[in-house]
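Everything below concerns the one structure shown next.
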Amino acid sequence: MKRLPELGNDTTVRLSRQGGFAAMQALSRPREIDFARCDEQQRGRICSVLEGCLPLATGMGGQGDRRYYQIELRYRDNQRDDELVLRIPEDRAPGELVRLWDKGEVS
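Letter by letter, the sequence shown follows residues 133 to 239 in the working numbering.
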């Protein structure tokens with residue numbers, strides 16, 4: 133089973149909606165969340181959403197007119213910068229991920 137790496141205060145999460153024939157910046161609306169600006173409870177809720185997305189991630193982006201959510205995690209691992217990119221098909225995306233992308237928060 134896939135697991136998230138250790139995500140600390142130095143983590144940045146970038147969410148965007150990608151794909152489709154008509155790629156429009158307005159639909160992408162990238163959102164960046166800096167863990168240094170979140171309290172521990174907020175980080176925990178975000179990590180729970182991300183953990184739930186791991187089994188849904190695909191290696192490829194949208195095919196044809198399919199859209200997907202791209203999650204880019206930038207973090208430090210053993211004193212070096214690292215990155216993990218997940219692509220979640222829009223039709224399989226959990227509501228909490230959509231809310232995180234749309235509102236920048238989870239309930």
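Ideal placement from N, C-alpha and C gives every residue a C-beta, glycine not left out.
Ranked by Cα distance from residue 198, the first of 224, 237, 166 and 139 is 224. Assignment of residue 234 by DSSP, reduced to helix, strand and coil, places it in the helix class. Each of 149, 143 and 180 was checked against the Cα of residue 167, and the nearest Cα belongs to 143.
Ranking 181, 205 and 161 by CA distance to the CA of residue 140 puts 205 first. Residues of the same chain with their beta carbon placed closer than 6 Å to that of residue 161 are lacking, with the five preceding and five following residues left out of the count.
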